[in-house]
Amino acid sequence: NAGVTQTPKFQVLKTGQSMTLQCAQDMNHEYMSWYRQDPGMGLRLIHYSVGAGITDQGEVPNGYNVSRSTTEDFPLRLLSAAPSQTSVYFCAISESASSYNEQFFGPGTRLTVL
Amino acid sequence: SQKIEQNSEALNIQEGKTATLTCNYTNYSPAYLQWYRQDPGRGPVFLLLIRENEKEKRKERLKVTFDTTLKQSLFHITASQPADSATYLCALLIYNQGGKLIFGQGTELSVKP
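So the sequences go chain by chain: A and B. Going by this note's numbering, the first residue of the first sequence is number 228, and it counts up by one from there. Going by this note's numbering, the first residue of the second sequence is number 270, and it counts up by one from there.
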């Protein structure tokens, strides 16, 4: 039972390149989300999903796309990377969208955009 | 504007003392408040949850209080140990925000032996 896995762990991109950050879970949880963490800014929600086929925007969605075709996977796509997207990205899951459920975080992907 | 603020400066304390971390918020009406621990290079790990109608919650050496009048939560670690050194994050669940968690920026705690 790996919980939440994220790949890659590290990535360097050039401005304008595209890439997909992968998030997979084996806990059969409904709720999946993506955060970015920047120094002094805390964790900011990018996109989230309350179940397969359902996604919605968080606080900072611009420049990112998501889809949720299965319960297990929730990839985050950067279509044209910008230096402002340099950050650490965390995927998090919880049992449902109910507020009292703890969130389980993945180990993170550290992305640098040159 | 809506804000969540935690002690921006790192907290340094001596082993065995009680560490107290603060989470203040403005212009929110949270339903729940959660505390997480984050070690360098790792994702946050859930510690405690407290509901708006609860004043206090305890778990082993951890205690959380939630004062919706003061709009403040305090997080205490008693008999602190060097292994407690980490960054601690508070997160609010807001009623009208679709179940999303809003995080504070975190407070770094350092416990010296």
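Note that CB positions come from ideal geometry on N, CA and C, so glycine has one too. Note that the coordinates shown come from a computational prediction; the quantities given were computed from them, not determined experimentally.
To which residues does DSSP link residue i through a beta bridge?
| i | result |
| --- | --- |
| A/Ala251 | A/Thr232, A/Asp300 |
| B/Glu284 | DSSP, once it has assigned bridges, lists no residue as partnering B/Glu284. |
| B/Gln275 | B/Cys292 |
| B/Lys381 | B/Gln283 |
| A/Arg337 | A/Phe237, A/Val315 |
| B/Leu318 | B/Gln303 |
| A/Arg263 | A/Arg271, A/Tyr316 |
Measure from the C-beta of residue i to each C-beta in chain B and report whether the shortest distance is under 8 Å.
| i | result |
| --- | --- |
| A/Met254 | no |
| A/Gly285 | yes |
| A/Leu303 | no |
| A/Gly280 | no |
| A/Gln249 | no |
| A/Met259 | no |
| A/Leu272 | yes |
| A/Gly290 | no |
| A/Pro235 | no |
| A/Tyr316 | no |
| A/Met246 | no |
| A/Gln330 | yes |
| A/Leu333 | For clarity, residue 333 of chain A is Gly in the given sequence; the question names Leu instead. Chain B, which has a Cβ nearer than 8 Å to the Cβ of A/Gly333, makes this yes. |
Is any beta-carbon of chain A found at less than 8 Å from that of residue i?
| i | result |
| --- | --- |
| B/Gln303 | yes |
| B/Leu280 | no |
| B/Pro313 | yes |
| B/Gln341 | no |
| B/Lys369 | yes |
| B/Asn285 | First, the residue type needs correcting, since residue 285 of chain B is Gly and not Asn in the sequence shown. Taking Cβ atoms only, chain A never reaches closer than 8 Å to B/Gly285, which makes this a no. |
| B/Leu331 | no |
| B/Phe372 | yes |
| B/Leu378 | no |
| B/Leu318 | yes |
| B/Leu290 | no |
Got a sec: does the ligand FAD put a non-hydrogen atom nearer than 7 Å to the Cβ of residue i?
| i | result |
| --- | --- |
| A/Pro310 | No copy of the ligand FAD appears in this structure; indeed no ligand is present at all. |
Inspect the beta-carbon positions of residue i and residue j and report whether they are closer than 8 Å.
| i | j | result |
| --- | --- | --- |
| A/Leu341 | A/Lys241 | yes |
| A/Glu322 | B/Gln303 | no |
| A/Gly243 | A/Ser307 | yes |
| B/Glu325 | B/Lys332 | yes |
| A/Leu303 | A/Gly285 | no |
| A/Gln312 | A/Gly290 | yes |
| A/Met246 | A/Gln238 | yes |
| B/Glu321 | B/Asn293 | no |
| B/Thr289 | B/Gln341 | no |
| A/Tyr377 | A/Ser296 | The question about residue 377 of chain A has no answer, for chain A in this structure spans 228 to 341. |
| B/Tyr301 | B/Leu358 | no |
| A/Tyr316 | A/Thr336 | yes |
| B/Thr376 | B/Gln307 | no |
| B/Ala348 | B/Arg330 | yes |
| B/Asn281 | B/Ser379 | yes |
Am I right that residue i and residue j are in contact with their C-beta atoms under 8 Å? What's the rounded C-beta distance?
| i | j | result |
| --- | --- | --- |
| B/Thr295 | B/His345 | Not quite, the Cβ-Cβ distance comes to about 23 Å (not below 8 Å), so this is no contact. |
| A/Phe301 | B/Gly312 | In fact, because the Cβ distance is near 15 Å, the residues do not count as touching under 8 Å. |
| B/Phe372 | A/Leu270 | 4 Å |
| A/Val277 | A/Ala229 | That belief does not hold up - the Cβ atoms of A/Val277 and A/Ala229 are roughly 22 Å apart, past 8 Å. |
| B/Tyr297 | B/Leu361 | 6 Å |
| B/Pro382 | B/Glu284 | 5 Å |
| A/Ala319 | A/Tyr262 | 6 Å |
Quiz prompt | Segments of 3+ residues assigned as beta strand (DSSP E) that fall wholly inside the stretch 267-320 of chain A | solution = 269-278, 281-284, 291-293, 303-305
Exercise. Return the chain-ordered ranges of every beta strand (DSSP E) run that is complete within the stretch 324-377 of chain B and spans a minimum of 3 residues.
Key: 325-328, 331-336, 341-346, 355-363, 370-372
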